[in-house]
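First up is the structure itself, then whatever we jot down about it.
In the working numbering, the protein residues as written are 68 to 253.
Below is the structure:
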């Protein structure tokens with residue numbers, strides 16, 4: 068009976084501590100790096116980048132990159148640290164979407180100018196041919212539409228079903244989006 072009392076203690080108290088120790092060890096710098104990114108630990112990420120033991124252009128098990136975590140955590144300081152360390156702004160994440168599209172999907176419009184000004188492809192098309200602007204219109208995200216239109220979008224791009232951003236605008240439930248894009252069509 069004594070063994071049965073010790074076993075739950077091991078799984079509840081001791082095992083999580085050992086896993087945390089492995090993640091924070093120097094033996095597995097990639098695990099430590101991605102753990103620090105998920106926890107938004109700028110100092111730890113900076114230390115690992117300074118050590119040269121990790122890359123800013125690698126995927127984790129969730130098909131996320133360090134730059135994707137900086138966007139998800141809404142951490143512009145981390146974003147610039149990763150850019151300084153040569154993060155590739157045109158990598159794709161998750162289901163082959165760009166950082167720009169990801170920013171629009173999770174309502175991080177503040178990253179739109181940061182991404183574009185640092186070299187992200189504003190006309191990148193996802194697996195079905197949509198651009199970030201098309202997705203912003205489709206998601207009825209007015210602030211993302213406004214941010215994206217500050218840059219040189221190719222408004223003539225068709226998605227793979229033949230629709231343009233103007234076709235998406237016609238279906239929008241936000242009158243301002245329809246008005247803005249119809250003024251650009253003429």
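Glycine included, C-beta positions come from ideal geometry on N, C-alpha and C.
Label residue i either buried or exposed according to how many other C-beta atoms from any shown protein chain fall within 10 Å of its C-beta, with 16 as the threshold for buried.
{"i": "residue 226", "result": "buried"}
{"i": "residue 185", "result": "exposed"}
{"i": "residue 133", "result": "buried"}
{"i": "residue 118", "result": "exposed"}
{"i": "residue 175", "result": "buried"}
{"i": "residue 208", "result": "buried"}
{"i": "residue 240", "result": "exposed"}
{"i": "residue 210", "result": "exposed"}
{"i": "residue 128", "result": "exposed"}
{"i": "residue 170", "result": "buried"}
{"i": "residue 238", "result": "exposed"}
Using alpha carbons as the reference points, say which of the options lies closest to residue i.
{"i": "residue 172", "options": "223, 202, 116, 153", "result": "202"}
{"i": "residue 148", "options": "213, 193, 104, 238", "result": "104"}
{"i": "residue 217", "options": "229, 247, 128", "result": "247"}
{"i": "residue 223", "options": "190, 129, 159", "result": "190"}
{"i": "residue 126", "options": "101, 114, 250, 236", "result": "101"}
{"i": "residue 214", "options": "162, 168, 195, 145", "result": "168"}
{"i": "residue 152", "options": "115, 176, 98, 183", "result": "115"}
{"i": "residue 195", "options": "207, 231, 237", "result": "231"}
{"i": "residue 178", "options": "241, 220, 163, 137", "result": "137"}
{"i": "residue 251", "options": "219, 240, 228, 229", "result": "219"}
{"i": "residue 162", "options": "146, 131, 141, 156", "result": "131"}
{"i": "residue 206", "options": "110, 98, 229, 245", "result": "245"}
{"i": "residue 120", "options": "98, 150, 140", "result": "98"}
{"i": "residue 159", "options": "243, 187, 107, 95", "result": "187"}
{"i": "residue 108", "options": "123, 156, 135, 145", "result": "145"}
{"i": "residue 166", "options": "143, 150, 135", "result": "135"}
{"i": "residue 242", "options": "221, 204, 229", "result": "204"}
{"i": "residue 182", "options": "140, 150, 122, 110", "result": "150"}
{"i": "residue 139", "options": "154, 200, 106", "result": "106"}
{"i": "residue 142", "options": "164, 155, 229, 110", "result": "110"}
Give the range of the alpha helix (DSSP H) segment to which residue i is assigned.
{"i": "residue 203", "result": "199-205"}
{"i": "residue 249", "result": "242-252"}
{"i": "residue 99", "result": "96-105"}
{"i": "residue 191", "result": "That residue, residue 191, is in no alpha helix (DSSP H); it is neither H nor E in DSSP."}
{"i": "residue 219", "result": "Run containing residue 219: none; DSSP gives neither H nor E here."}
{"i": "residue 234", "result": "232-237"}
Is residue i near the ligand ZN - that is, is its Cβ less than 8 Å away from at least one heavy atom of it?
{"i": "residue 150", "result": "The ligand ZN is not among the ligands present in this structure, which contains no ligands whatsoever."}
- Task: With a floor of 4 residues, list each alpha helix (DSSP H) that falls wholly inside the stretch 107-171, ordered by position along the chain.
- Result: You should have 109-118, 133-139, 143-151.
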